[in-house]
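Convert by adding 134 to the 1-based position in the sequence shown; the result is the number in this note's numbering.
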Amino acid sequence: MLKRQPIGVFPGTAGFFLLPPIDHADTIMPSLLQGFMPKPCPKEWQFFLAAIEGEPVERVEELLPETPESHFNRFILYPEKEYYEKAKSMLEEDLLLLLDAVAWRFNMKQEPPCYDDKTVGEIRAFILATHAYDAFQQNNWIKGIELLEEAAQAVQDISPIFSARLLSEAASTKQSLGMVDKQLIELYKTALKLIEQSPFEDMRAELTFQLGTAYQELADGNKTYYQESIKCYNKALKTFRKDQYPENYAMIHMNLALSYIAMPPNAHNYQLKNAMAIQSLREALRYLDKESHRDLWCSATINLANALQYAKSSHIEDNLWEAVALYEDVLKVRRKETDPHGYARLVANQGTALSHLGAFSSAVPKLTEAKQIFKELGDKESAKVVEDMLQEIRMKQEELSKQ
């Protein structure tokens with residue numbers, strides 16, 4: 135048995151496989167644990183390379199050498215009781231614990247295996263992670279996150295990529311629960327540092343993007359955090375290019391725009407940041423499919439309309455008419471019945487844009503409808519804002535009638 139195994143280093147099935155011993159394995163393994171396959175690949179490890187390259191299961195099985203580890207690997211390929219029992223008869227000590235941890239993940243065991251201080255390294259990390267997933271299933275989120283962080287710590291010095299993947303899971307779980315703080319930022323940064331020298335560009339870009347979202351969520355008016363989020367998004371765009379990753383590209387531009395919009399303005403940067411936001415929102419909309427990503431498409435379209443409405447430009451009238459048209463596009467798919475508050479805000483924004491254009495006969499019905507919905511929802515503040523706009527229109531109409 136090899137002293138070290140690349141468990142959790144590569145995504146997919148390959149991340150579960152055990153490698154059989156070969157000559158000079160100790161020399162090759164440090165590089166492999168960083169994500170670099172040896173060239174040429176040893177014959178006994180050809181199955182592993184095939185799995186990494188996405189070859190069919192049948193081809194991977196054909197390449198399995200006849201070793202005790204292969205019984206474990208065959209169970210990974212075909213998670214059935216027959217293969218579990220065969221693997222169990224061929225393995226011993228920590229590998230049996232690993233087998234039972236995998237069996238739990240395949241819903242073949244009621245509980246993850248127990249472990250003690252004798253279980254170390256990547257096997258300990260894998261089992262700790264399995265207990266973390268068990269905790270998540272029981273809605274014990276804090277315990278699960280702590281176990282993932284403990285698992286990452288167990289392999290940080292020996293298997294940095296596996297450690298980074300565990301930290302990434304802990305961080306994304308924290309963020310999904312709204313636990314956004316400086317510690318979350320550090321989790322992402324640590325994970326990124328661990329994969330700094332690895333070949334996993336997509337993973338690095340995804341973590342960079344997630345770090346950007348963490349900065350953005352934490353910012354709350356902090357200009358420095360918005361600037362950090364913008365740096366992260368621009369860095370992620372170097373990997374997530376529009377021709378290869380259109381959805382990721384659109385999502386990043388969406389977040390990039392929102393960071394520019396939310397960043398506190400000053401006398402020098404207001405026009406620039408608004409222009410950058412508009413540019414990113416246009417890019418996002420070029421690659422967001424209206425049907426498959428309707429909510430995101432609506433959000434990007436509304437944000438673009440809002441940005442155009444308040445953009446300081448020599449083409450103010452053109453911007454306002456475009457904003458009116460964009461609001462109308464969203465009104466075609468957004469219904470009052472499903473989201474009355476969102477619908478009212480949308481109609482109010484469109485009415486405001488029309489009033490800025492002097493199209494009062496079109497603006498008043500829109501604003502009146504929005505005010506009525508806000509009143510029905512008990513949103514007195516929003517109703518008052520719309521009423522003030524209506525009052526302003528009435529005053530302008532009176533002035534025009536006197537001319």
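Backbone N, C-alpha and C define an ideal beta-carbon position, used for all residues, glycine too.
Per the coordinates, the alpha-carbon of LEU153 lies some 8 Å from the alpha-carbon of PHE182.
For CYS432, the uninterrupted alpha helix (DSSP H) segment begins and ends at 428-443. Rounded to whole angstroms, LEU136 and THR307 show a C-alpha spacing of 33 Å.
Shown here for GLU284: same chain residues with a beta carbon closer than 8 Å to its own, the five before and five after excluded, namely LEU262 in chain order.
Across the structure, GLU381 and GLN506 are spaced so that their CA atoms are roughly 38 Å apart. For ARG420, the enclosing alpha helix (DSSP H) stretches over residues 404-421. Between ALA391 and ALA411, the beta carbon gap of about 4 Å places them in contact (Cβ cut-off 8 Å). Ranked by how close their Cα comes to the Cα of ILE257, the residues GLU227, GLN271, ASP452, GLN272 have GLU227 in first place. By the criterion of a C-beta distance shorter than 8 Å, TYR444 is surrounded in its chain by ASN408, once the five residues flanking it on both sides are discounted. Pairing LYS376 with PRO199, the inter-Cα distance amounts to about 41 Å. The alpha-carbon separation between ASN437 and PRO398 amounts to approximately 17 Å. Burial state of SER223 is exposed, judged by a 10 Å Cβ sphere holding fewer than 16 other Cβ atoms. In this structure, TYR218 and LEU231 do not form a Cβ contact; the two beta carbons are roughly 14 Å apart against a cut-off of 8 Å. For the pair SER297 and ALA339, the CB atoms are not nearer than the 9 Å cut-off. DSSP, read as helix, strand or coil, puts MET397 in coil.
By the 16-neighbour rule on beta-carbons within 10 angstroms, TYR212 is exposed. By the neighbour-count definition (other C-beta atoms within 10 Å, threshold 16), GLN317 is an exposed residue.
ILE276 is classed as exposed because its beta carbon has fewer than 16 other beta carbons within 10 Å across all chains shown. By the neighbour-count definition (other C-beta atoms within 10 Å, threshold 16), ALA497 is a buried residue. Less than 9 Å separates the beta-carbon of ASN389 from that of TYR367. With 16 or more neighbouring CB atoms inside 10 Å of its own CB, ARG299 falls in the buried class. Segment contact: the region 502-522 against the region 477-490, three or more CB-CB distances shorter than 8 Å; contact assigned. With respect to the 9 Å criterion, LEU328 and GLN287 are not classified as neighbours on the basis of their beta carbons. DSSP, read as helix, strand or coil, puts PHE209 in helix. It is roughly 40 Å from the alpha-carbon of ALA221 to the alpha-carbon of GLN378.
Here DSSP, grouped into helix, strand and coil, assigns ILE156 to coil.
With 16 or more other Cβ atoms from the protein chains shown falling within 10 Å of its own Cβ, SER414 counts as buried. The three-state secondary structure of HIS387, taken from DSSP, is helix. Here LEU371 carries a helix assignment [DSSP, helix/strand/coil]. Look at MET529 here: in three-state DSSP terms it is helix. Taking 9 Å as the cut-off, the beta carbon of VAL458 is found closer than this to the beta carbon of LEU491. In this structure, the beta-carbon distance from PHE151 to PHE240 does not fall below 9 Å.
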